[in-house]
Each structure stands twice: as C-alpha cells, then as structure tokens.
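In our numbering, the protein residues as written are 5 to 1159. Here is the structure we will look at.
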C-alpha cells in the first residue's frame, strides 16, 4: 500500500495481508499516510533463497516459450528494483503488446481505470478467446516455487484477471500457476469464475476498510509469526492482559465473556461461578476449565514461578491414568514435516530417542526416501513390540499418529502393521495426558512451554532452529532440498533431537506427577488396560491381500508419469483391495480415540454426545424399557435408530462392550435422548455416547480379490466377463456392439461426443444402453434433469429387449425409488424382485419382496424375474456373478469405486447414474491416491462435468427457474446446465422477500451461534407465516396458478440441532430437514438457514458448512425462489487455502446475484 497523487494505491499483496489480519491493514494504511512509522521489517530467512530461485524458475519458463516458437516480449526486467521502474511506461507497453497480439508478455504491468490497483503478472498468455483486442485475449500465469497452490497466489491471479477484463473487455476463463519449477505443460489452471466472487468480496471489504478504517485490535493470528508488527502487537496484548493469553480459550468464548464485562485474564481468574444468568454458548464445564486456567496463570505471574495442579478425580485411561508402565525399550518419536511441500505434505525427518537418550534420525528428501524412512520406523517399532510386549512409542500431540496414517495410505505400505500398533495402544500421546491430567501456568500447552517444569535445557537455540527450518522448507517446497547446506540439516537434526529428548524428560516428569497424584488422593493411579491387536482371521486376510498387492504392482514404474494405462489400472486395483479394511480401521481408530475423551471433551467433539444426565423411564416397548437422558446444546452425530456406545464401558466384556441401548428418539431442541434396552440390563447409565456403526464388508472384499486374481492371471483380457470392470478401472469410454442397421455416418458427431447431432441426452442414453458391449455408460444427472426418469426409460428398453436388469445403490430407499419409476412407466412386462429390509422396499406389487439372497439369484436364473434390486452386499456375492445383463447403479456419485468394482461381477455391462457435484460419497478412511473416490468421481477425474466423449450429461433441468439455474450452472456445472423452456413462467405471488423468482439473501445478525440459531429460526418462521397469512400462490411451468401451502416451502439446515430449532417454531406440516434428507425433492420455495454465526464458529469447519455439494443440493431444490437466511459474517470468511476460497466463492456469488 502506497500513497501517491492524493490517493492510496493498492496491490494484490494488500489483499492477502488483509485476509491474514485486518488490524495489519489499519497499520499499513497509517504508515502509507505518514501518521506512524513502520517497524523494522521481518527478517525472513527465506527471502534471498526464494528470490533467486524464483528468477531462475521464471527464466526457465521464458526459455521454454521461446524455444516453442512463440513470440515473447519482455516489458520489465525481472530483477529491476521496484523503485527504479517506470510504472506508466510499463503499463503502456503492455497494452500495446496486447493490441499487437504478442503470444507471451513477460513482466507486463496491468492497471485499473482509476489507477488505484495495479500489478506485474509474470506472464500474460495469448489464447483464442475473442475480445475487443481482436480474435484473441489474454490469461495470466504466475510462476511460484511452491509445489501446491496457495491462497495468496490465487488472489494475485484474480486481481490480474480482473485487470485483464478491464483491459481487453472480456474476462479470462482460466488463470494459471507454474508450480515448483515444473515446465509449462505441467501448469495448474483454475477456472476464474470459481474464485472471482470471493476475490470481489475480499476486495470490497478491503477497500471499505482502507476508506474508513473500523476500530481493530491485534488479535493473534497465524500471520503474526512473519509480521513486521508482531512484537508491538504482542506487547499490547500483554499490557492489556488480554483474554487471548489464556491457554485453550476460544475466540467465541472470549467474545461471550467480553459481552458480560469480563475483559481481561485477571477478570476471568476472579470470576465467580456459576454465572447468573448463564453464559450463553459456553457450557458450565468449559467455563470452569478456562476460569481455572486463567487463575493458575495469574497465580504464576504474581508468584513469579511455574505452577501446576493435578486434576482430580482420577478416571481410568484418562490423564495421568493413561500412561503405561515404563519400559526400557520405549521410544520417543518426533517428526519434522512441511504441510505445503509435495501434494498433501511431506515428512522429511523421522527422529527417535530411546530411554537412554540415544537418538537416531532418518532423512527424506524425496518420496522414495520418505517411504523408506517410514517403513524403517514402523519395522523397528514392530520388532521392539514383538520382543518386549510392554514397549510403547511416546509423542506429543496428534501430529505424529496422523502423519503415520497418512504415510501408510499414501504409499499403501505397512497398513496392517500400523493398525496393530494403533489398536494395541503402542502410541502414547503425552499432550492428551497433560491436558486431561494437569493444569499449568502456561499460555500454550506446547512442549516447549512445559520444559521449565521438568528442567529441560535445549542444545539448539530455538530462534536459530526456526530459521533453519524455514530455509529448508522453502527449498523443499521449491523441489530442491538436496542443495541445502549440510550445516542447515545439522541444525534441524539437533532441533529434532531436542524434541525427542524433551518428550523423554516429559514422560519421566509425568511419572513423578503420578506419584504426587497418588499421595494427593490416597489411592493408586491405574495403568491403562492392554488391548488385543489382531485376530487370526484378520492376519490371514492381510497375508492374502499383501500377496495380491505385490503381484499386481510387481515391476511397475515408481513414477506416475511412467505408467501406461494398464499399469496405472493395476496399481489402482491394488490400492482398492484394502479399501474396506482401511474404512473399518479408521472407524475403529476414531471410535477408540473418541472413547479416550474426558468430560467436556465429549461435548466439544463434533460427533459424540456428552454431558448426559439421567431423567427417568419414559416408556416400555415389549420387554424393553425406554430411558430418557438430558444433554446440553452441542453438535453431534447421534440419530434415531443408532446404537451408540458408552465410552466408560466400551472395553468391558461385563458391560457388553459399551452397549447401552438403541436410540428411539432424540430431541435437540429439548435436549433429550431416549434409549431403549431390555428391562433387566446390567449396564450403567451413560454420561456420554460415542457413535459406532459396524457394517461387515467381507463379501465386497472377496469380490475385489476375485477381480484381482483374474487380472494377475490373465491381465485385462478383452474376452473376459469382467471387461466392464476393466473399462471402469481404465476410464475407457463406452463401447457399443455393432448393430444390424448401422447409423448414417453423417449423424456421427465429428468431435466424438456420445450424444449425436440432433439427438437428446435421453435418446442417447436409451440408444447406448441397449448397445453396450461389456462396458460402462456414465450418465451425469444434475438437479432436476430427469436422472431417475432417464434410468427408468433405459431399463424399460432393456427389459423389452429381453435383457435381465439389476438395480443397486447405497440404500434400499434409492433402489426402491428407481424400481418404482420403472413400474410407473412400464408398458412392458415387469417381473421384479427385491431384497430390502423393513419398510424400505418398493411398494409396487410387481416387485416381490424377499429376505434371502438365494431367492433373488434363483428368480433371475429361472427367468421368474427379469428385474432385481438390492444393495452391493447382494450383487457382490460370488453366486450372483453374471446374474444380469446390465446393472444400473443409481447415485453412483455416492458409491465408492471399490464397491462399484465389487458389484460389477454381476453384469456384463454397467450404467452409472448420478452426480458427484451433489452429495459426495461417505468416506472415513485415509486412502492412497485415486482409491478414495466414487465411481462417477473416478470417471470425471476432477472435472465438474463428464467428458462428452466418455459419458452423457443431462443438460436441461425440468425444475429450476432460469435465474436459479444460472447460479447453479455457473458455480457447479461449468455452464453446461440450462433450464427447459417454460420454466421462466414459474413465479411466487405473495409478500416480499420470497415473492417472484431467483435468489434471495435474508440477513440475520447474530453472534456466538455454532449449530443452531434462535434468531434465524424466528425469522424463517415469520417468513413462512407471512406467506401463509397472505394466501400466497405460485405459478408453475405450464402457467397454472396454484395455492402455496406450507408443504410448498422446503426449509433446509446443515445441522440436526438447527433442524430441531426450526421445527419447534414452524407450523405442523412444514418440511424441515438437513440437506441429505431432501436430495431428489423439490418445492416452489427453498429456504436454507445456516445457523452458524461465522466461519470461525463452524463446528465441523469450513469444509462442512461451506460444502459445495450441500449448497448445490440445498439451493437446487427450488423451482421459483432459493433463499439463504444467514449471518452476513458467513459471506466474508478468511480463507487460508485455495480450497477454502473455492468453498466460499458460491456463497459470495449468491450474494451478488440475490435480490
């Protein structure tokens, strides 16, 4: 930010810094205006290295462009000092080069009409998109040394794209990053429209701040570590005795306290409990915890010493009672890693110390050495454990175990060994033991803050070590770690050694604390119970899978780029062999990790239900009694019909391994949950519930094993009955059998598209489905596009041809819906059979309901049935091989690729119906690349829509008004979805703001809400009542006027707690539910009430609340009006990654388009 010509001048850096900290914008503005002086600049140890390597990277790209025969014009020398540049001349030369149509413009300058915004893109690339320049236009490319895109880089490109729009009169479609020294062909590109609305929102917010700065405070943020002002801001917080100094206090808790005039740490330390009235949004246990923490920190300051207290009462397996008996063979483990290197992070140093203080380090400078270092560590751990059953691995914080799981999955190696270590409780997290077992007078519970308590003195200076880490990671991110000086690595290794030895000394000190705790309570502190690692059957399955994996991947090239299509498919199949076991492992890891929570942690966890208090018996069902429990407001994943576990008895055979009953009702608004269990049950009443859903997957795994065995034996043979599975693995386009009357060659699409000229997508699906030759037809059906109708028509055609057809999906309900559509449209003989459960079967009498897999197989084999429905657990069975001619998989965007391959054995060909852009497949595990996707997601390969040459896109919606569809297609379907003629007639007649058609934003100001908002619920209820009181109506696509009933308004929420809050205020008959409950439904009006006050308060993080899938499904249910009721603060989140920017962008665009 600069001040010149009587105005402030801005660049992309100002935007990224404003995102990082709005207080920084105020400070930089004051410096630019000369009212304060700038502090000494942050001494970034990366600066010189990055600058030089950045120039080299740009030069390589420049040489490649020139060598490829493109015309290149250099506007500004890359190494020209900024103050010596002539901005006006550079801008004029850039504009002149653009008018001439130069292929590549290097270091040009772009500016807006007012001269306030400008920037120097590394490259401007000519593309064939017409503009006012002529038959061409330009897109921006920046060269960055990082191997992954960062939000700051995208903000720069978005500014350049905006300035290009003004210069050429046409907005660029793409923006490009050349990352990590890759060549131009490896450039990553981003669709501008998928990020631009967020950029505009940030820019508007920044410009408003710069014009009239609001009052700001130096809240601690991640940018503080590299900020010029970090020291002065820290001094201010300390002088103010700011609440942020309290260890473990959340921003929302601070805000709530300030509202009640508790403004300093000293105020909090002296706070009398309980507060009256209670502190909204903060549970009593959480308030007690932060008050006690503040009290201890104030005590430590006053007494000028390090103070700690032991937490009582003692709970088994919690806190100091979670520490196992020390063993002479124990290891103390610490990793050094870079979250921004490679794709998904990179662990470059594995450090281990033993009980005697001997230290061992394994370095990794590339993926191959990372894999070997990981395997070496796991093999050592397994060997130690085998020889010494009391052996454990101590670490501080969750990072190490998360990284171990990630490496296991990334390289598909040592998976069962890691599972054994985790299930056998070999890893011991000392951070959890500290947080659950004691309080200390520290501002952060980092291991470095705790070292004064046990007297550990580091050998390596922390400041010097931090600088070494930063410099090394800069080299790692640029892809050149090997060039770093040996002294740099020696310093980092010393730092890691200190961390390992500090972990050792901490463990020893905590053993001393255990003794203090026994003296304090007068009772022995128990040790954690051991846990079985693995059964014989699991070991046999593991051995078989490992042998198959080795056979599939034998002699394959290590580098992805060296794999041909068949080799790539073999490796992917090898990865998928363990898909279900990874899912199961992750489920159990997470379950036992949650069982290890304590007290308030059950309430704070997003999945568990904590703080339960027993109320009474409230009913009886046959021989079972229904018990009611009360709980405080919280986010959880417990639903009616679940059988959650009591964490206190989860490992007790006497108390049935945590069984505590089945949930028959849960009322988030009233804060009650009802559990049904037998009247004479000996299990104790739970104080918390942990979700656990165990689904056996053996039949699916066995089918994948048979597929792998065939590939190992014969490869991808064209005459194999599993050829459809081979095609799916290799992403081959549909293959059709020749017909008696070949189509007129003039009808063929010259571009190779599956939908022929003059043919509708429906007609194409019906034609291709009948001609499939042991192949796969993907059909992507966006909201309201008639996916179910299309699938039903294709099935009827196949039945008319005498084919046997199977239908499958993730749920019986979805299967029944498609079977019902077939029956409703059936002019041909339908002899159906379905294996379903309870009341989920298709009600049509032509679909016979059975409970036996054998009954389905027999009916198909005898010809008694020509249509059958069942989940993957039916179709993957060995006896169902080749049971049908075509298997139609509905909601294939939610069915995993592994399950799809498992069921493919049942049919010669597959038809995949679905849409990966709506609800995504549920996934729990961490999987190798490519193994964690749905079947349709695999075929789309990351694209928003299916390739026209590989599948059929249903390109018209029968539901959405063009104003609603315009938003949907732009943000989710790359502009390919359109409204059918006549849908523009749809309109709501009634009072504003829900009258008319299109998008509406109804702001509701609130603060501190996480998963429910009374304020929003009241506003939604008022909107609905206003429509009903006014006798509102709506006009459908045929121009027919209809009365608007309460059932014509769909109210959607992201959280069950908010659904309950909304339902308590809406009239009877209102349709209220979470997004996943309403997929496939529609209404004239949809109201999406978001509940959460700000992105920081989202209980499941931005990835859940801002989910593209959920927003797409929620808003696309609407025929006439899609409304969002929300806090305005949700529409300007501080995004730290490109993925978060992508998530926020549709919300920002919705706000721009809404009336």
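Even for Gly, the Cβ is constructed at its ideal location relative to N, Cα and C. These figures come from a predicted structure and were not determined experimentally.
Less than 9 Å separating the beta-carbons of residue i and residue j?
i, j, result
"residue 846", "residue 824", "yes"
"residue 905", "residue 1021", "no"
"residue 525", "residue 318", "yes"
"residue 363", "residue 504", "yes"
"residue 696", "residue 645", "no"
"residue 480", "residue 327", "no"
"residue 888", "residue 862", "no"
"residue 444", "residue 457", "yes"
"residue 453", "residue 464", "no"
"residue 968", "residue 1000", "no"
"residue 325", "residue 298", "no"
"residue 358", "residue 333", "yes"
"residue 198", "residue 1146", "yes"
"residue 1085", "residue 1054", "yes"
"residue 929", "residue 591", "yes"
"residue 439", "residue 252", "yes"
"residue 349", "residue 418", "no"
From the options, pick the residue whose C-alpha is nearest to that of residue i; which is it?
i, options, result
"residue 639", "915, 701, 1013", "1013"
"residue 933", "115, 579, 778", "579"
"residue 867", "451, 834, 360", "834"
"residue 366", "380, 358, 360", "380"
"residue 371", "980, 387, 353", "353"
"residue 356", "382, 173, 1000", "382"
"residue 133", "31, 583, 174, 161", "174"
"residue 57", "68, 184, 193", "184"
"residue 250", "448, 929, 721, 552", "448"
"residue 510", "442, 497, 1148, 498", "442"
"residue 48", "232, 19, 70, 17", "232"
Hey, could you find the ends of the beta strand (DSSP E) residue i is sitting in?
i, result
"residue 625", "617-625"
"residue 809", "809-812"
"residue 1152", "No beta strand (DSSP E) holds residue 1152; the alpha helix (DSSP H) holding it covers 1142-1157."
"residue 827", "First-last for residue 827: 816-828, but that is the alpha helix (DSSP H), not the beta strand (DSSP E)."
"residue 358", "350-358"
"residue 992", "991-993"
Where does the unbroken alpha helix (DSSP H) through residue i begin, and where does it stop?
i, result
"residue 375", "371-391"
"residue 519", "490-525"
"residue 203", "200-215"
"residue 657", "It is not in any alpha helix (DSSP H) - residue 657 carries neither H nor E in the DSSP assignment."
"residue 1029", "1018-1033"
"residue 765", "765-775"
"residue 1131", "Neither: residue 1131 is in no alpha helix (DSSP H) and is coded neither H nor E."
Looking at the structure shown, is residue i part of a helix, part of a strand, or coil, going by DSSP?
i, result
"residue 463", "coil"
"residue 724", "coil"
"residue 748", "Caution applies to residue 748, whose pLDDT of 43 falls short of 50 and renders its modelled position unreliable; the value that the coordinates give is listed next. In the structure shown, residue 748 sits in coil (DSSP, three-state: anything other than H, G, I, E or B)."
"residue 584", "helix"
"residue 179", "strand"
"residue 1124", "strand"
"residue 977", "coil"
"residue 340", "strand"
"residue 889", "strand"
"residue 145", "strand"
"residue 879", "helix"
"residue 70", "helix"
Less than 8 Å separating the Cβ of residue i from some heavy atom of the ligand ADP?
i, result
"residue 473", "This structure lacks the ligand ADP, and indeed carries no ligand of any kind."
Roughly how far, in whole angstroms, is the beta-carbon of residue i from the beta-carbon of residue j, given that I think they are within contact range, below 8 Å?
i, j, result
"residue 288", "residue 281", "Between residue 281 and residue 288 the Cβ distance is about 12 Å, and since that is not below 8 Å, they are no contact."
"residue 1096", "residue 1134", "7 Å"
"residue 400", "residue 434", "5 Å"
"residue 687", "residue 630", "Actually they are not in contact, since the Cβ atoms of residue 687 and residue 630 sit about 15 Å apart, beyond 8 Å."
"residue 941", "residue 920", "4 Å"
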